[in-house]
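Just add 20 to the spot in the sequence shown (first one is 1) and you have the working numbering. Scroll down for the structure; my scribbles are underneath it.
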Amino acid sequence: MLSILKENNIPVILSRIASNLKDQPPLISAKTKDYPDADEVFCFANETLKNGNRKKADSLFRLAKDLDALKFRAPEKINDAISDLGAKYNYRVIPVDSIFNSVSPDGIVGNNLMVDHLHPNLKGYQLIGKTIYECMDRMNYLPKSENPKFPLFKQDSITIANFVFSRLDSVMGNYSVSLLKCNWPFAKKNLDLENFQHSDFMNFFKPKDFIDSIAVFRIEGMSWSDAHLLAAKTYLLKDDIKNYLKHIDILLNQYPLLGDFNSLITYFYYRNKIDLIDYSTKRVGIIQFYRGKTDEAIGYLEKTYQYFPKDIQVLYYLSFSYFKKNNYEAALKKINECLSVKPDYSEAVKLKQEILKKI
Numbered sequence: 021m022l023s024i025l026k027e028n029n030i031p032v033i034l035s036r037i038a039s040n041l042k043d044q045p046p047l048i049s050a051k052t053k054d055y056p057d058a059d060e061v062f063c064f065a066n067e068t069l070k071n072g073n074r075k076k077a078d079s080l081f082r083l084a085k086d087l088d089a090l091k092f093r094a095p096e097k098i099n100d101a102i103s104d105l106g107a108k109y110n111y112r113v114i115p116v117d118s119i120f121n122s123v124s125p126d127g128i129v130g131n132n133l134m135v136d137h138l139h140p141n142l143k144g145y146q147l148i149g150k151t152i153y154e155c156m157d158r159m160n161y162l163p164k165s166e167n168p169k170f171p172l173f174k175q176d177s178i179t180i181a182n183f184v185f186s187r188l189d190s191v192m193g194n195y196s197v198s199l200l201k202c203n204w205p206f207a208k209k210n211l212d213l214e215n216f217q218h219s220d221f222m223n224f225f226k227p228k229d230f231i232d233s234i235a236v237f238r239i240e241g242m243s244w245s246d247a248h249l250l251a252a253k254t255y256l257l258k259d260d261i262k263n264y265l266k267h268i269d270i271l272l273n274q275y276p277l278l279g280d281f282n283s284l285i286t287y288f289y290y291r292n293k294i295d296l297i298d299y300s301t302k303r304v305g306i307i308q309f310y311r312g313k314t315d316e317a318i319g320y321l322e323k324t325y326q327y328f329p330k331d332i333q334v335l336y337y338l339s340f341s342y343f344k345k346n347n348y349e350a351a352l353k354k355i356n357e358c359l360s361v362k363p364d365y366s367e368a369v370k371l372k373q374e375i376l377k378k379i
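Structure, rendered in structure tokens:
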């Protein structure tokens with residue numbers, strides 16, 4: 021395959037394979053005539069690491085992986101073959117295994133970048149993506165007709181800051197991995213999930229808050245979209261609009277054909293997934309504020325103010341909306357009303373300071 025790609029001038033980047041070395045004991049340890057026991061080598065690797073010999077410990081962890089009788093993790097000879105192919109065809113080889121080690125405690129990759137024996141976690145995948153992208157840039161493989169919107173050194177931090185991902189996604193993933201590790205080959209006896217009831221799942225995971233509980237529902241069969249809708253609704257009913265919109269944005273990112281916020285609400289409403297009674301004028305006003313629709317936000321919030329003139333959220337977001345419109349007199353009036361109700365409202369105190377700078 022590589023020879024065909026080379027003949028046709030197809031750009032190729034190869035990558036060595038990373039595995040969980042430090043935190044994954046051999047899945048099956050078998051004694052043989054010619055090789056040491058994998059478990060014994062793994063234990064010796066840990067002792068060597070505790071004694072401060074990181075280089076030798078790394079070699080021993082790799083040997084323990086190679087001696088694992090269950091060959092789920094790639095042996096070192098596979099990585100050697102990948103490097104040899106890169107040299108043979110003059111293709112760049114990314115040393116992902118070494119890169120993972122370089123950012124890991126003690127210089128040996130473990131659960132810090134892996135969710136199990138060989139699959140990277142979110143941070144691990146982001147590191148792989150960053151490394152491949154930087155290699156593409158160095159090799160001039162990126163489209164030459166497009167000028168990047170942001171310089172290369174800023175792109176990674178901007179991507180991570182705007183990554184459409186939530187704690188719910190992390191918890192759902194962690195719960196799935198927890199169940200995976202309760203079955204072969206990670207456990208000698210499989211967990212009898214077929215007979216699990218809701219109470220069994222709750223006792224197994226011991227959720228600490230509603231996000232954890234929604235993740236349990238997902239494990240039990242709730243769809244991914246329904247899980248995020250439930251999280252969004254829960255935040256909405258708590259008047260936590262920022263986190264509500266975070267889950268709405270996640271749904272929009274997953275289903276781009278829905279187009280925008282209004283289309284998404286309409287789509288799920290007609291599927292009986294959304295109750296419009298939850299969308300009070302106050303909540304809609306704050307939603308529009310965060311969506312950048314300041315005039316609409318003011319309209320909804322002023323209507324709410326007529327009935328709830330001492331609601332600190334209404335007063336705060338009205339003030340902030342007027343501030344955005346450069347109507348500093350109206351903004352100051354509303355923030356003073358807000359602080360008269362709750363003088364220790366820290367965000368309101370900060371907003372008033374910003375308003376006074378403009379007057």
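Note that CB positions come from ideal geometry on N, CA and C, so glycine has one too.
If you follow the alpha helix (DSSP H) that residue i is part of, which residue opens it and which one closes it?
i, result
"S341", "I332 to K344"
"L34", "Careful: L34 lies outside any alpha helix (DSSP H), inside the beta strand (DSSP E) at I33 to S35."
"A58", "A58 to K70"
"F81", "R74 to L87"
"E27", "L22 to E27"
"Y348", "Y348 to V361"
"Q373", "S366 to K378"
Note down, in chain order, each residue of its chain lying with its Cβ closer than 6 Å to the Cβ of residue i, except the 5 sequence neighbours on either side.
i, result
"E60", "none"
"Y264", "A252, Y255 and L256"
"T301", "Y320, K323 and T324"
Buried or exposed for residue i, going by 16 or more other Cβ atoms inside 10 Å?
i, result
"R291", "exposed"
"M134", "buried"
"T324", "buried"
"A181", "exposed"
"I30", "exposed"
"V334", "buried"
"S341", "buried"
"K85", "buried"
"E367", "exposed"
"V159", "Here residue 159 is Met; the residue named in the question, Val, does not match the sequence. Flag for M159 reads exposed."
"G305", "buried"
"G312", "exposed"
"P140", "buried"
"Y327", "exposed"
"L213", "exposed"
"C336", "Per the sequence shown, the amino acid found at residue 336 is Tyr instead of Cys. Result: buried."
"F163", "In the sequence on display, residue 163 carries Pro and not Phe. Exposed."
"A58", "buried"
Please list the terminal residues of the continuous beta strand (DSSP E) segment that includes residue i.
i, result
"V113", "R112 to I114"
"I409", "Outside the displayed span of the chain (21 to 379) sits residue 409, for which this structure offers no information."
Between residue i and the rest of its own chain, which residues show a CB-CB distance below 7 Å, the 5 nearest in sequence each way excluded?
i, result
"Q308", "E316, A317 and Y320"
"D269", "V184"
"I102", "L34, R36 and V113"
"K330", "V361"
"S339", "A351, K354, I355, C358 and L371"
"K266", "S186"
"K345", "T314"
"Q146", "I180"
"D298", "K253, L256 and L257"
"I231", "R187, L188, V191 and A251"
Leaving out five residues before and five after residue i in sequence, what residues of the same chain have Cβ atoms less than 8 Å from its Cβ?
i, result
"L250", "I234, F237 and M242"
"Y195", "F225, A235, V236, R238 and I239"
"I178", "F170"
"D43", "G130, N131 and M134"
"D259", "K302, R303, I306 and Q333"
"L376", "L352"
Using beta carbons (cut-off 8 Å, strictly below), is residue i in contact with chain B?
i, result
"I297", "Looking at the structure shown, chain B is missing, and only one protein chain is on hand."
Which whole-angstrom value describes the C-beta separation of residue i and residue j, a residue pair presumed to lie in contact below a C-beta threshold of 8 Å?
i, j, result
"L138", "N66", "With 8 Å as the limit, L138 and N66 do not qualify as a contact, their Cβ atoms being about 19 Å apart."
"L199", "A247", "No, L199 and A247 are not in contact; Cβ-Cβ is about 16 Å, not under 8 Å."
"G127", "D78", "7 Å"
"L80", "F64", "6 Å"
"A38", "V116", "5 Å"
"D136", "V191", "Not confirmed; about 16 Å, so no contact."
"L278", "Y289", "The Cβ separation is near 12 Å, so there is no contact."
Point to revise | Every unbroken beta strand (DSSP E) within the segment 258-285, with a cutoff of 3 residues, ordered by chain | key: Look at the segment 258-285 and you find no whole run of beta strand (DSSP E) that is 3 residues long or longer.
Check your understanding: Mind pulling the alpha helix (DSSP H) runs of 4 or more residues that sit fully within the segment 211-257?
Key -> Whole alpha helix (DSSP H) segments, 4+ residues: 218-225, 230-240 and 244-257.
Review point. Along the chain, which unbroken stretches of the alpha helix (DSSP H) at least 4 residues long are found entirely within the segment 91-156?
Key: 96-109 and 116-122, all fully within the segment 91-156.
Check your understanding: Where in the segment 182-215 do unbroken runs of the alpha helix (DSSP H), each at least 4 residues long, occur, reported from the N-terminal end onward?
Key -> Fully enclosed alpha helix (DSSP H) runs of 4 or longer: 187-200.
Exercise for review: Give, in chain order, every unbroken run of the beta strand (DSSP E) that is at least 3 residues long and sits entirely within the segment 288-339.
Suggested key: With a minimum length of 3 residues, no continuous beta strand (DSSP E) run stays inside the segment 288-339.
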